[in-house]
Amino acid sequence: MRSIAFLLVMLLVALASAGTVHATGDPNALWHIVGEQCVPDRLQHADPAPCAEVDLGAGGGWAVLKDSAGPTQFLLIPTDRTSGIEDPAILAPAAPNYFAAAWRSTSFVDERAGSTLPREWLSLAINSEYARSQNQLHIHVDCLRPDVHAALTEHGAQVGSTWAPFPVPLAGHRYDAISVKGDDLDAVNPFVMLADGVAGARDDMAARNLVVVGSVDAGGQPGFVVLTDRVVAGSDDVTGGEQLQDHDSCARLAAESPGK
Numbered sequence: 000m001r002s003i004a005f006l007l008v009m010l011l012v013a014l015a016s017a018g019t020v021h022a023t024g025d026p027n028a029l030w031h032i033v034g035e036q037c038v039p040d041r042l043q044h045a046d047p048a049p050c051a052e053v054d055l056g057a058g059g060g061w062a063v064l065k066d067s068a069g070p071t072q073f074l075l076i077p078t079d080r081t082s083g084i085e086d087p088a089i090l091a092p093a094a095p096n097y098f099a100a101a102w103r104s105t106s107f108v109d110e111r112a113g114s115t116l117p118r119e120w121l122s123l124a125i126n127s128e129y130a131r132s133q134n135q136l137h138i139h140v141d142c143l144r145p146d147v148h149a150a151l152t153e154h155g156a157q158v159g160s161t162w163a164p165f166p167v168p169l170a171g172h173r174y175d176a177i178s179v180k181g182d183d184l185d186a187v188n189p190f191v192m193l194a195d196g197v198a199g200a201r202d203d204m205a206a207r208n209l210v211v212v213g214s215v216d217a218g219g220q221p222g223f224v225v226l227t228d229r230v231v232a233g234s235d236d237v238t239g240g241e242q243l244q245d246h247d248s249c250a251r252l253a254a255e256s257p258g259k
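Numbering (numbering that gives the first Met the number 0), first residue to last: 0 to 259.
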């Protein structure tokens with residue numbers, strides 16, 4: 000019996016090291032990987048394994064971990080214990096801008112895809128408290144679903160600088176949207192934009208999905224479209240912001256790009 004238990008433990012460790020965060024069904028698996036493996040390895044050996052990167056900022060750090068789902072999906076995870084989008088710490092004045100760090104982490108997606116992907120295909124998504132499997136904040140970094148990309152291409156110019164309903168459903172759901180100018184997110188924090196810009200959101204963050212998509216306007220200037228919808232807990236249609244992503248489309252896009 001002891002040998003069987005030992006083999007099971009070793010299997011779980013191996014799965015965690017491979018970035019398999021949902022295999023055990025443990026809602027704290029992400030925290031165990033980051034807090035007990037990536038950060039200690041970064042501090043003791045200058046190697047963030049099994050994470051791809053660990054940044055230990057003075058005001059709070061983050062880790063970047065390859066997810067088990069899809070060839071290009073990564074997760075941006077705080078190195079402090081942070082439950083999720085509803086955690087008040089993410090709205091504190093000195094809180095790290097996790098979305099800015101997540102956008103920089105799209106370089107890992109490019110690397111895995113073997114190509115520099117168009118920003119309009121790259122996305123960052125966080126699921127509501129009711130649609131997630133892990134009790135540690137994590138932002139999904141990967142490409143969009145093709146149908147969502149097509150809708151944003153067709154209607155993105157209609158998204159303005161204030162929150163308003165997106166003209167058409169995305170993946171079967173109604174989202175509110177706002178546009179942001181700039182090549183990066185260093186000057187804006189989507190968590191704060193949601194909490195302060197959408198009526199009632201600050202008191203209802205747990206029910207919110209939040210997605211950020213790269214964009215380029217008609218003049219060729221870079222920016223972002225920020226999207227949110229509200230989940231009704233206990234309903235028959237509880238889905239996350241991650242539903243707007245496709246964890247295989249980055250690889251297909253890279254394979255179809257010129258020169259591949």
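Every residue gets a Cβ at the ideal spot worked out from N, C-alpha and C, and that includes glycine.
Model, not experiment: these values are computed from the prediction.
Leaving aside the five residues before and after residue i along the sequence, list all residues of the same chain whose C-beta is less than 7 Å from its C-beta, in chain order.
i	result
Gln-244	Ser-122, Ala-124, His-139, Asp-141, Cys-142, Leu-143, Arg-144
Go through its chain and collect everything with a Cβ distance to residue i's Cβ below 8 Å, but skip five positions before and after it.
i	result
Val-231	Ala-206, Val-237
Ala-156	Asp-216, Ala-217
Tyr-97	Trp-61, Leu-75, Pro-77, Ile-89, Leu-136, Ile-138, Phe-190
Asp-247	Gly-69, Pro-70
Given this structure, state the Cα-to-Cα distance separating residue i from residue j, to the nearest angstrom.
i	j	result
Gly-213	Glu-110	18 Å
Ser-16	Gly-233	With a pLDDT of 37 at Ser-16, under the threshold of 50, the modelled position of this residue cannot be trusted; read the value that follows with caution. Ser-16 and Gly-233: Cα-Cα distance of roughly 34 Å.
Pro-26	Asn-134	6 Å
Ala-149	Gln-43	46 Å
Thr-105	Thr-115	10 Å
Pro-95	Asp-235	34 Å
Asp-40	Glu-85	29 Å
Asp-202	Ala-194	8 Å
Gln-36	Thr-81	17 Å
Pro-47	Pro-166	43 Å
Asn-188	Gln-220	20 Å
Ser-67	Gly-240	18 Å
Ser-178	Gln-242	20 Å
Gly-181	Ala-99	11 Å
Met-192	Asp-183	15 Å
Hey, quick one: how far does the beta strand (DSSP E) through residue i stretch, first residue to last?
i	result
Ser-178	175-180
Val-73	Residue identity differs from the one stated: residue 73 is Phe in this sequence, not Val. From DSSP, the beta strand (DSSP E) with Phe-73 extends over 73-77.
Gly-213	207-215
Leu-193	Looking at the DSSP string, Leu-193 is not in any beta strand (DSSP E); the run it does join, the alpha helix (DSSP H), is 189-196.
Ala-124	121-125
Val-231	Taken as a continuous stretch (DSSP letters only), Val-231 belongs to no beta strand (DSSP E), as it is neither H nor E.
Asp-141	138-142
For residue i, which three-state DSSP category applies?
i	result
Val-147	helix
Gly-222	strand
Asp-40	helix
Cys-50	coil
Gln-244	strand
Ile-32	helix
Leu-169	strand
Arg-103	helix
Val-108	helix
Arg-131	coil
Ala-91	coil
Just checking my contact of residue i with residue j at CB under 8 Å: how many whole Å lie between their CB atoms?
i	j	result
Val-215	Arg-103	Between Arg-103 and Val-215 the Cβ distance is about 18 Å, and since that is not below 8 Å, they are no contact.
Asn-172	Asp-228	Per the sequence shown, residue 172 should be read as His rather than Asn. Confirmed, Cβ separation roughly 5 Å.
Ala-253	Ala-51	Rounded, the Cβ-Cβ distance is 18 Å, inconsistent with contact.
Leu-90	Phe-223	With a Cβ gap of about 19 Å, Leu-90 and Phe-223 do not count as contacting.
Ala-163	Asp-175	7 Å
Looking only at its own chain, which residues have a Cβ that is under 6 Å from the Cβ of residue i, when we skip the five neighbours before and after it?
i	result
Gly-199	none
Gly-59	Asp-79, Pro-95
Ala-93	Gly-58
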